[in-house]
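S.K.: Protein sequence lines correspond, in order, to chains A and B. To convert, note that position 160 of the first sequence is 161 in the working numbering; the numbers rise steadily by one, no gaps. To convert, note that position 156 of the second sequence is 157 in the working numbering; the numbers rise steadily by one, no gaps. We put the beta carbon where it would ideally sit given N, CA and C, even for glycine. Please read these numbers as outputs of a predicted model, since none were measured by experiment.
There are 2 protein chains.
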Amino acid sequence: MPDVVGPRNTPTDQSPRKKGWRKAEIIDMAALCFMERGYHATSVDEVADRLGCTKGRIYHYYASKIDLFFDVHREGMKKLFEAIEPAMKTTGDGLTVLHAMLMAHAKAMLEHHTFENVVAQGVQIHRFDATTEDQRQTMKLLIDSRDRFEGFFKDQIAAAIADKTLRDMDVSVTAKVLLGALQWSIFWYRARPDETVAEREELARKMVEPLIDGLRRN
Amino acid sequence: MPDVVGPRNTPTDQSPRKKGWRKAEIIDMAALCFMERGYHATSVDEVADRLGCTKGRIYHYYASKIDLFFDVHREGMKKLFEAIEPAMKTTGDGLTVLHAMLMAHAKAMLEHHTFENVVAQGVQIHRFDATTEDQRQTMKLLIDSRDRFEGFFKDQIAAAIADKTLRDMDVSVTAKVLLGALQWSIFWYRARPDETVAEREELARKMVEPLIDGLRRN
DNA sequence: GTCTATATGGTGATAGAC
DNA sequence: GTCTATCACCATATAGAC
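1) Could you tell me whether the segment 53 to 73 of chain A touches the segment 155 to 167 of chain A, where touching means 3 or more Cβ pairs closer than 8 Å?
2) Kindly give me the distance between the Cβ atoms of Leu81 (chain A) and Phe35 (chain A), rounded to whole angstroms, as I take these residues to be in contact under 8 Å.
3) Mapping the DSSP letters down to three states, classify Thr97 (chain A) as helix, strand or coil.
4) What ranges does the alpha helix (DSSP H) occupy inside the segment 32 to 91 of chain B, keeping only unbroken runs of at least 4 residues that lie completely in it?
5) Could you compute how far the alpha carbon of Lys90 (chain A) sits from the alpha carbon of His61 (chain A)?
6) Between Ala154 (chain B) and Leu179 (chain B), how many whole angstroms is the CB-CB distance? I'm expecting something under 8 Å.
7) Specify whether the segment 89 to 104 of chain B and the segment 128 to 147 of chain B touch according to this definition: at least 3 beta carbon pairs, one from each stretch, less than 8 Å apart.
8) Cβ atoms of Arg191 (chain B) and Lys108 (chain B): under 9 Å apart, would you say?
9) What is the rounded straight-line gap between the Cα of Thr11 (chain B) and the Cα of His113 (chain B)?
10) Answer with yes or no whether the minimum CB distance from Met102 (chain A) to chain B is below 9 Å.
11) Could you give the DSSP three-state label for Leu142 (chain B): helix, strand or coil?
12) Could you tell me which residues DSSP puts in a beta bridge with Leu167 (chain A)?
13) Interface residues of chain B around Gln125 (chain A) at Cβ under 9 Å?
14) Determine the burial state of Leu33 (chain A): buried for a count of at least 16 other Cβ atoms within 10 Å of its Cβ, exposed for fewer.
15) Let me make sure I understand the geometry here. Which of B:His74, B:Glu76 and B:His106 has the alpha-carbon closest to that of Pro87 (chain B)?
16) Thinking just about the alpha-carbon of each residue, which of A:Leu183, A:Glu37 and A:Arg137 is nearest to the one in Gln122 (chain A)?
17) Which whole-angstrom value describes the C-beta separation of Gly39 (chain B) and Gln125 (chain A), a residue pair presumed to lie in contact below a C-beta threshold of 8 Å?
18) Taking CB distances under 9 Å as the criterion, tell me whether Met2 (chain A) reaches chain B.
19) When the Cα atoms are used, what is the spatial distance from Asp171 (chain A) to Ala25 (chain A)?
20) When DSSP labels each residue in this structure, what does Thr132 (chain B) get in the three-state scheme?
21) Counting only C-beta atoms, is Thr132 (chain A) closer than 9 Å to chain B at any point?
22) Along the chain, where does the alpha helix (DSSP H) that runs through Gly123 (chain A) open and close?
23) Residues of the segment 163 to 176 of chain A in Cβ contact with chain B at a cutoff of 8 Å, in chain order, please.
24) Going by beta carbon distance, what residues of the same chain come within less than 7 Å of Leu212 (chain B), once the five residues before and after it are set aside?
25) Can you tell me whether Thr13 (chain B) is helix, strand or coil according to DSSP?
26) Considering just the uninterrupted stretch of the alpha helix (DSSP H) at Ala176 (chain A), what are its terminal residues?
27) Using a Cβ-Cβ cut-off of 8 Å (strictly less than) and excluding sequence neighbours within five positions of Glu76 (chain B), which residues of its own chain qualify?
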């Protein structure tokens, strides 16, 4: 990975050698547009314009706008799962593993904020937008994957309470609060073009630290 | 306040005796629709339908859909400011006041989640949606009010660091993390029709406690 | 595989009757 | 103050040329 990352953070691989790069290119641009203006306010024409083509190309790869949205959402979830996987495999007491997971998640939210912004929009895109049975099925799978992701954190919180490295607290509410604290960054964080990986890691640390240690001194 | 609150949480006063109740009725329904489907996906026709009237009525009170959105947003911010005001006036060390502010904010986010969901949408509704100069001016004021609100928390965090009741931490990032932790509830919280005020207060406590004390035992 | 042209439907907003 | 009727526009999606 290069030391300096641009505003189009970690796009899916677009190198023309790889098969599927055309689709990846569309997904990346759709993610950017959906983040900037929101799914419903973004027209397929706009995505095409910014790709320097017409919507004919997009409709060659995607049957509908919502199917394109689904691919962006799927990609966003994939990045989230991949990010916390190494942390979940580390050995250590319950809190240490949870800390590692939170750090990995914070970094992923910053690095992929374009995609994760779109994932958050998925919460209020529902049955009304998915017309075919296939689309409703896909939507259900994406919702399931979001729940599964939160489940990993709930399980780890429960484990850490069990091994007494965590205070006793409401597992479900705490998971939502912790994830929300990091995920809210979709609203305020935008990558500076010249931002280094080290700077981003430092920001993630500043985000996670108050959650682990709390606010109270002593 | 009644002990049991319905799903239409604390609507603005609609009693037909008060002047402006027609507008308030429209604002409340718009907030509900915008929350459920999002601003852009909601049609003026839909708001009117659910009010049992036609959009002729709405356009009698509002020049455009975005102006209606602005009123919902304004109302949402008003509720937030009013909620933390008493907490800000309490006496006590820096952390005690901050704790009171966070509890008040958490309760307000739950109580008014319909309106606060719309406020969050305001982040990505921008110049493109505001066409007239008047609308751009209004938008600027709403953005300013969001910043001012966050500023209250930043100031209090700084004060608490100064009086040494808080660890030394990044004021700006910590403010965003704390507020985000509570505000993310717009995505997962929906009022149960039979939910009591006491239950909601208990939920707010479960949200704020891990932030104050941190996760680490000891 | 990509383009142009177009069908089709919905949405914001207005005019004018009542 | 509210309704009906309608206009103008824009967006999704398709058909067929190249």
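M.R.: To lay it out plainly:
1) Two segments are said to touch when three or more pairs of C-beta atoms, one from each, lie closer than 8 Å; by this definition the segment 53 to 73 of chain A does not touch the segment 155 to 167 of chain A.
2) That belief does not hold up - the Cβ atoms of Leu81 (chain A) and Phe35 (chain A) are roughly 17 Å apart, past 8 Å.
3) Of the three classes helix, strand and coil, the one that applies to Thr97 (chain A) here is helix, per DSSP.
4) Segments of the alpha helix (DSSP H) lying fully in the segment 32 to 91 of chain B: 45 to 52, 56 to 62 and 66 to 90.
5) Computed Cα separation, rounded: 41 Å.
6) Per the sequence shown, the amino acid found at residue 154 (chain B) is Phe instead of Ala. With a Cβ gap of about 7 Å, Phe154 (chain B) and Leu179 (chain B) count as contacting.
7) The segment 89 to 104 of chain B, when compared against the segment 128 to 147 of chain B, does not touch it at the 8 Å Cβ threshold.
8) Note that the C-beta distance between Lys108 (chain B) and Arg191 (chain B) is not below 9 Å.
9) A direct Cα-Cα distance of roughly 7 Å separates Thr11 (chain B) from His113 (chain B).
10) With a threshold of 9 Å between beta carbons, Met102 (chain A) makes no contact with chain B.
11) The three-state secondary structure of Leu142 (chain B), taken from DSSP, is helix.
12) Looking at the DSSP assignment, Leu167 (chain A) forms a beta bridge with B:Arg217.
13) In chain order: Met36, Glu37, Arg38, Gly39, Ala42, Asn118 and Phe188.
14) The residue in question, Leu33 (chain A), is buried, as its Cβ has 16 or more Cβ neighbours within 10 Å.
15) It is B:His106 whose Cα lies nearest to the Cα of Pro87 (chain B).
16) Considering only alpha carbons, the answer is A:Glu37.
17) Taking 8 Å as the upper bound for CB-CB distance, Gly39 (chain B) and Gln125 (chain A) are in contact here, some 6 Å apart.
18) Caution is warranted here: a pLDDT of 49 is assigned to Met2 (chain A), below 50, making its placement in the model unreliable, and no coordinate value can be reported.
19) In a straight line, the C-alpha of Asp171 (chain A) is about 40 Å away from that of Ala25 (chain A).
20) Coil.
21) Among the residues facing chain B, Thr132 (chain A) is not included, as its CB has no counterpart in that chain under 9 Å away.
22) Gly123 (chain A) -> no alpha helix (DSSP H), and no H or E assigned at all.
23) Those would be Lys165, Thr166, Leu167, Arg168, Met170, Asp171, Val174 and Thr175, in chain order.
24) Hits under 7 Å: Leu103, Leu179 and Ala182.
25) Per DSSP, reduced to three states, the secondary structure at Thr13 (chain B) is coil, with no helix or strand assignment.
26) For Ala176 (chain A), the uninterrupted alpha helix (DSSP H) run begins and ends at Val172 to Gln184, by DSSP.
27) The beta carbon of Glu76 (chain B) lies closer than 8 Å to those of Thr13, Ile28, Ala32 and Phe116 in the same chain, with the five residues before and after it left out.
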